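Each remark here refers to the structure printed beneath this line.
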Amino acid sequence: MNDDQSNLAETTLFRERRSRWEILVLELSKAPVSAWFGLIVIGIYCLVAIFAPLLAPYGEAEIVSTPFVPWSWEHIFGTDQIGRDIFSRLIYGARNTMGIAVITTVLSFAIGGSLGLIAAILGGWLDQFVSRVVDAIMAIPSLIFALMLLAIFGSNILSLIVIIAVLDSTRVFRLTRAVSINVVVMEFVEAATLRGERLPWIMRREILPNILPPLAAEFGLRFSFVFLTVAALSFLGLGIQPPTADWGSMVRENASLIQFAQFDLKTALTPIIPAATIGLLTVAVNMVVDWFLHQSSGLKS
Amino acid sequence: MGFVTLVVVSIIIFGVVEFLPGDFSQAILGQSATEETVAAFRKELGLDKPAHTRYFDWIGAMLQGDLGISYSGRGASGSDLSRPVIDLIAPRFWNTIFLAGVAALIAVPLALILGIFAALFRNSIFDRTVNVFSLSAISFPEFFISYLLILLFASIWPIFPSLANVSDDMSLGERLVVTALPIVTLVLITLAHMMRMTRAAIINLMASPYIEMAQLKGVSPTKIIVQHALPNAWAPIVTVIAFNLAYLVVGVVVVEIVFIYPGVGQLMVDAVTTRDIPVVQACALVFASAYILLNLIADIISIVTNPRILHPK
């Protein structure tokens, strides 16, 4: 093998950069067990949510039996207070509860993220004004604020999504503003400004790619927080309204079954199951976020 | 600073009511209300006056302990069975303070001790167990923990009542037995957050150069913690505690509903369901002021223990 050939071989080797997919596969193979567990759990939840009508043995609000049937092969987790199949409602609940949480989180990132970017780029009185408003909103515990707004606008799904998204966007705003303020002072942003690029371009092409990792991690954390808030509000009877199946309200509806634990332990577990599914998803999301933060912060051992 | 926040918060709480869609008095009194009743209702609530006048009337009345009159109990025919909000809130207020106070009294010292130990024996089995436990306590919703406790200690092994039904003539001991499960739930929720943050604060502090200096000098570990670390740790720890008492405020609402405990949280949820705005406003103000007050106290304590905060570089 002469020199030319080996040089050529080296350059071609060098040219073959790993594609994004390959990097992903490589990183995944090194991921710890907890991250794998989290990813698999999230994957299963998503599949269940997407294919809910195919998986559920009965309809979402279909009354299929007498009320409070105990666990059996026909009704795996029994039936609820008006005779709807709990297992089917659990499956549909994945779709409703998770769907609302995802929409809310995306909306809160759209509001908080764009306001944060604009505040960081433009600065001045606009930045001051939005920051003070956010301070004021954050001075009230968010669940209390959400309760108050729900009292005024009434509890329906649309106002639930908007209220939680707006309240939650305050935290997204703070984070986006804090991380992008460090990027705004960089030379390439100045170059883009001098080049005459408009605000949307600078936001999207110059700054956003540089602050993506912390925002992605925050997305996971915000999602679990929103998810828990929606569940709590539904549990209080102020979130997702019946007959839509939802994990929070399912706990409330079947809570009285707990009293029968001494006679039939399985039935008494029924209200615990939807609550546990909520918790399991949050744990899974937290595990993946932990792993991701560890990866992106360069804290590799 | 805390006072300014409180004023701003009161303006927000007052202001959101202004955004009410449609004619509010019509909605409350029902379709069959006559025009005169509606007009009288509006006049009585002062809805015919401009917003800033109403705000000062409202805040002035609040300061004198007059929280307005509940909307519920009013009929379309003009009959009036409604009660002043203060009568609804006052007895419940002490119940909530009792519940949250006892929970905080148990959770704060426990969280500090566990957090400090977890930080000192980092990566030990103790640390890991505590970490796994606290992560799951954070991730699971409050009502999951409550119902699990009811299942274990009220249903399968009935040592505590599942409903926290308190009355005024109970002794302290009886009260504690009845409210044992809600208190334990609240302790678990706040404990996990507080402990994780205490741990992080201490680990942060133990990495600073002067601690390493003390270690290299050969100062004993207990002396390092008591004399070198703790005096500087008070400020972050107090901030952590105040921050986490917010979870207590939120947790109280859910826990009161689960255990049907007669507190402000339960009142607020009921009022939201019936859209009884004066009650909701008053409850929100109570929770928000409690939260702001806690943060204010935390700020004062951190400044007292660490005067450097007053003079930023």
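Residue numbers (the working numbering), protein chains in the order written: chain A, 1 to 301; chain B, 1 to 313.
From the three backbone atoms N, C-alpha and C, an ideal C-beta is built for every residue, glycine too.
Fair warning: this is a prediction, and the values are worked out from it, not measured in the lab.
Could you work out which residue in the options is closest to residue i when comparing CA atoms only?
{"i": "Ile140 (chain A)", "options": "B:Leu114, B:Val108, B:Phe243", "result": "B:Phe243"}
{"i": "Ala216 (chain A)", "options": "A:Val184, A:Leu233, A:Ile273, A:Phe292", "result": "A:Phe292"}
{"i": "Leu158 (chain A)", "options": "A:Lys30, A:Thr66, A:Gly239", "result": "A:Gly239"}
{"i": "Glu218 (chain A)", "options": "A:Gly116, A:Ser88, A:Arg171, A:Trp71", "result": "A:Arg171"}
{"i": "Leu150 (chain A)", "options": "B:Leu296, B:Ser289, B:Ala284, B:Val9", "result": "B:Ala284"}
{"i": "Val264 (chain B)", "options": "B:Met213, B:Pro84, B:Glu36, B:Leu88", "result": "B:Leu88"}
{"i": "Ser72 (chain A)", "options": "A:Met287, A:Thr270, A:Pro274", "result": "A:Thr270"}
{"i": "Met194 (chain B)", "options": "B:Leu181, B:Ile241, B:Pro231", "result": "B:Ile241"}
{"i": "Arg204 (chain A)", "options": "A:Leu54, A:Leu221, A:Val183", "result": "A:Val183"}
{"i": "Glu190 (chain A)", "options": "A:Ala231, A:Ile202, A:Trp36", "result": "A:Ile202"}
{"i": "Trp94 (chain B)", "options": "B:Val286, B:Pro109, B:Val304", "result": "B:Val286"}
{"i": "Leu294 (chain B)", "options": "B:Thr53, B:Glu36, B:Ala100, B:Ala40", "result": "B:Ala100"}
{"i": "Ser88 (chain A)", "options": "A:Ala268, A:Thr244, A:Phe188", "result": "A:Thr244"}
{"i": "Pro242 (chain A)", "options": "A:Ser34, A:Ala61, A:His294, A:Leu47", "result": "A:Ala61"}
{"i": "Val230 (chain A)", "options": "A:Pro70, A:Ala94, A:Ile40", "result": "A:Ala94"}
{"i": "Ala154 (chain B)", "options": "A:Ile50, A:Phe260, A:Phe109", "result": "A:Phe260"}
{"i": "Phe227 (chain A)", "options": "B:Ser139, B:Leu110, B:Val85", "result": "B:Ser139"}
{"i": "Asp57 (chain B)", "options": "B:Ser10, B:Ala40, B:Val102", "result": "B:Ser10"}
{"i": "Leu112 (chain B)", "options": "B:Phe98, B:Ala201, B:Pro84, B:Pro182", "result": "B:Ala201"}
{"i": "Ala107 (chain B)", "options": "B:Ile277, B:Arg196, B:Pro84", "result": "B:Arg196"}
{"i": "Pro367 (chain A)", "options": "A:Leu117, A:Ser65, A:Val48, A:Glu22", "result": "Residue 367 (chain A) cannot be examined here, being either before or after the span of chain A that is shown, 1 to 301."}
{"i": "Pro262 (chain B)", "options": "B:Thr179, B:Phe133, B:Val102", "result": "B:Thr179"}
{"i": "Gly59 (chain A)", "options": "A:Leu47, A:Ile86, A:Trp21", "result": "A:Ile86"}
{"i": "Val304 (chain B)", "options": "B:Thr274, B:Trp234, B:Ile292", "result": "B:Trp234"}
Please classify residue i as buried or exposed, where buried requires at least 16 neighbouring CB atoms within 10 angstroms.
{"i": "Gln81 (chain A)", "result": "exposed"}
{"i": "Ser79 (chain B)", "result": "For Ser79 (chain B), the pLDDT reaches just 47, beneath the cut-off of 50, and the residue's location in the model is therefore unreliable, although a value from the coordinates is still provided. It is exposed - the Cβ of Ser79 (chain B) has fewer than 16 other Cβ atoms within 10 Å."}
{"i": "Gln128 (chain A)", "result": "exposed"}
{"i": "Arg122 (chain B)", "result": "exposed"}
{"i": "Ile125 (chain B)", "result": "exposed"}
{"i": "Pro274 (chain A)", "result": "buried"}
{"i": "Trp247 (chain A)", "result": "buried"}
{"i": "Gln227 (chain B)", "result": "exposed"}
{"i": "Pro307 (chain B)", "result": "exposed"}
{"i": "Arg199 (chain B)", "result": "buried"}
{"i": "Ile40 (chain A)", "result": "exposed"}
{"i": "Leu188 (chain B)", "result": "buried"}
{"i": "Phe374 (chain A)", "result": "Shown here, chain A extends from 1 to 301; a query on residue 374 (chain A) therefore has no answer."}
{"i": "Ile300 (chain B)", "result": "exposed"}
{"i": "Glu27 (chain A)", "result": "exposed"}
{"i": "Glu206 (chain A)", "result": "buried"}
{"i": "Met250 (chain A)", "result": "buried"}
{"i": "Arg128 (chain B)", "result": "exposed"}
Could you name the residues that DSSP lists as bridge partners for residue i?
{"i": "Thr79 (chain A)", "result": "A:Asp85"}
{"i": "Ile63 (chain A)", "result": "A:Arg84"}
Just confirm the distance between the C-beta atoms of residue i and residue j, as a whole number of angstroms; I'd bet it's less than 8 Å.
{"i": "Ile13 (chain B)", "j": "Met148 (chain A)", "result": "7 Å"}
{"i": "Tyr45 (chain A)", "j": "Leu281 (chain A)", "result": "6 Å"}
{"i": "Leu236 (chain A)", "j": "Ile260 (chain B)", "result": "Incorrect: roughly 13 Å between the Cβ atoms, too far for contact."}
{"i": "Val280 (chain B)", "j": "Met268 (chain B)", "result": "6 Å"}
{"i": "Ala119 (chain B)", "j": "Ala192 (chain B)", "result": "Actually they do not touch by this definition, with Cβ atoms about 15 Å apart."}
{"i": "Ala284 (chain A)", "j": "Ile42 (chain A)", "result": "5 Å"}
{"i": "Leu143 (chain A)", "j": "Val272 (chain B)", "result": "About 11 Å; that fails the 8 Å criterion."}
{"i": "Thr190 (chain B)", "j": "Leu248 (chain B)", "result": "5 Å"}
{"i": "Ala232 (chain A)", "j": "Glu142 (chain B)", "result": "7 Å"}
{"i": "Val255 (chain B)", "j": "Pro209 (chain B)", "result": "Incorrect: roughly 44 Å between the Cβ atoms, too far for contact."}
{"i": "Thr222 (chain B)", "j": "Ala298 (chain B)", "result": "The Cβ separation is near 27 Å, so there is no contact."}
{"i": "Ala119 (chain A)", "j": "Ser131 (chain A)", "result": "7 Å"}
Could you give the distance in angstroms between the alpha-carbon of residue i and the alpha-carbon of residue j?
{"i": "Gly75 (chain B)", "j": "Asp270 (chain B)", "result": "Low confidence applies to Gly75 (chain B): its pLDDT is 46, below 50, so where it sits in the model is not reliable, and the reading given next is rough at best. So the two alpha carbons sit approximately 19 Å from each other."}
{"i": "Pro213 (chain A)", "j": "Ile121 (chain A)", "result": "19 Å"}
{"i": "Arg252 (chain A)", "j": "Thr277 (chain A)", "result": "15 Å"}
{"i": "Ser146 (chain B)", "j": "Thr185 (chain B)", "result": "6 Å"}
{"i": "Gly115 (chain B)", "j": "Leu194 (chain A)", "result": "51 Å"}
{"i": "Lys303 (chain A)", "j": "Leu149 (chain B)", "result": "The question about residue 303 (chain A) has no answer here: the residues shown for chain A are numbered 1 through 301."}
{"i": "Asp264 (chain A)", "j": "Ile258 (chain A)", "result": "9 Å"}
{"i": "Phe153 (chain A)", "j": "Phe145 (chain A)", "result": "12 Å"}
{"i": "Leu152 (chain B)", "j": "Ser289 (chain B)", "result": "36 Å"}
{"i": "Thr105 (chain A)", "j": "Pro70 (chain A)", "result": "37 Å"}
{"i": "Ser19 (chain A)", "j": "Ile100 (chain A)", "result": "34 Å"}
{"i": "Ala52 (chain A)", "j": "Arg84 (chain A)", "result": "16 Å"}
{"i": "Asp168 (chain A)", "j": "Arg222 (chain A)", "result": "8 Å"}
{"i": "Leu24 (chain A)", "j": "Phe117 (chain B)", "result": "38 Å"}
{"i": "His294 (chain A)", "j": "Phe37 (chain A)", "result": "16 Å"}
{"i": "Ala192 (chain A)", "j": "Ile163 (chain A)", "result": "36 Å"}
{"i": "Gly78 (chain A)", "j": "Ile50 (chain A)", "result": "23 Å"}
{"i": "Phe68 (chain A)", "j": "Pro32 (chain A)", "result": "42 Å"}
Name the chain C residues whose beta carbon is nearer than 9 Å to that of residue i?
{"i": "Ala136 (chain A)", "result": "Considering every chain present, this structure includes no chain C. Its protein chains are A and B."}
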